Amino acid sequence: MRASSLVSAVVLGAALTGVLTACAAQDELPAFSQPQEERDRLPTDGTADVLDSVEEASTRFLWEDETGTTFYAARGTGTSDGYSCLVIFAGSEGHSACGGLPITVGLGGQPEYMLSVTVGGDSDEWIEVADNLYVASDAAEQGR
Numbered sequence: 200m201r202a203s204s205l206v207s208a209v210v211l212g213a214a215l216t217g218v219l220t221a222c223a224a225q226d227e228l229p230a231f232s233q234p235q236e237e238r239d240r241l242p243t244d245g246t247a248d249v250l251d252s253v254e255e256a257s258t259r260f261l262w263e264d265e266t267g268t269t270f271y272a273a274r275g276t277g278t279s280d281g282y283s284c285l286v287i288f289a290g291s292e293g294h295s296a297c298g299g300l301p302i303t304v305g306l307g308g309q310p311e312y313m314l315s316v317t318v319g320g321d322s323d324e325w326i327e328v329a330d331n332l333y334v335a336s337d338a339a340e341q342g343r
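Start counting at 1 in the sequence shown, then tack on 199, and there's your number in my numbering.
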């Protein structure tokens with residue numbers, strides 16, 4: 200009985216390791232596997248708490264909209280350590296949201312954006328504007 204329990208524990212442990220590894224790999228954004236380039240860096244005159252909330256070397260430029268608002272993916276620091284972040288800068292004013300993917304952010308007067316490896320659920324609700332960055336389809340259809 201003891202040998203059977205040990206074998207069961209080893210098999211269960213191996214199965215859980217496989218599941219947890221698959222989850223971790225699934226949440227990793229492909230952009231993080233590329234070296235950081237100059238364009239990937241956040242504005243140096245940006246909102247200090249946003250700059251302090253992410254790993255400086257992890258930021259990756261995603262997209263710039265027609266108003267000049269820029270979007271970045273990053274890895275969090277401090278209480279957000281181990282999580283991905285969506286960072287949005289309108290000029291030097293920045294906002295960030297960190298957590299497990301997908302991350303959804305809606306700022307006053309702007310459409311809702313989502314940082315995700317894939318679009319789950321109803322994919323008609325989101326339009327991809329850049330790799331791993333989506334905008335709510337109702338906002339995109341209204342030209343926001």
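Where is the CB? At the ideal position from N, CA and C, for every residue including glycine.
Owing to the predicted nature of the structure, the values given are computational and were not obtained by experimental measurement.
For residue i, the three-state DSSP class (helix, strand or coil)
i	result
Gly275	strand
Ala221	Caution applies to Ala221, whose pLDDT of 33 falls short of 50 and renders its modelled position unreliable; the value that the coordinates give is listed next. Correct three-state label for Ala221: helix.
Arg240	coil
Glu324	helix
Ser336	helix
Leu250	helix
Glu255	helix
Ala202	Residue placement at Ala202 is poorly supported in this model, since its pLDDT is 42, which falls under 50; the coordinates are not used for a value here.
Ser291	coil
Ser283	strand
CA nearest to the CA of residue i, picked from the options
i	options	result
Gly319	Leu306, Ala329, Gly308, Ile302	Ile302
Gln233	Ser257, Val286, Leu314, Ser279	Ser257
Val316	Tyr333, Gly308, Val304	Tyr333
Pro344	Ser279, Asp251, Asp264	What is shown of the chain runs 200 to 343, which leaves residue 344 out entirely.
Any non-hydrogen atom of the ligand NAP closer than 7 Å to residue i Cβ
i	result
Leu228	Judged by which ligands are present, the structure shown has none, so any question about the ligand NAP falls away.
C-alpha distance - residue i paired with residue j, whole-angstrom precision
i	j	result
Asp330	Ala230	8 Å
Gly299	Gly245	24 Å
Thr276	Glu324	31 Å
Leu261	Leu314	10 Å
Pro242	Arg274	16 Å
Glu297	Ser279	Here the sequence assigns Cys to residue 297, which means Glu is not the residue at that position. C-alpha separation (whole angstroms): 6 Å.
Gly281	Asp251	15 Å
Phe270	Glu255	15 Å
Ser336	Ser322	9 Å
Leu306	Tyr312	9 Å
CB-CB length for residue i against residue j, believed under 8 Å
i	j	result
Leu228	Ser283	6 Å
Val304	Val253	Incorrect: roughly 14 Å between the Cβ atoms, too far for contact.
Ala272	Arg259	5 Å
Val328	Gly293	The pair is not a contact, with the Cβ atoms about 19 Å apart (cut-off 8 Å).
Thr268	Phe288	7 Å
Chain C contact for residue i (CB, 8 Å cutoff)
i	result
Asp251	Annotation note: the requested chain C is absent from the structure, which comprises a single protein chain.
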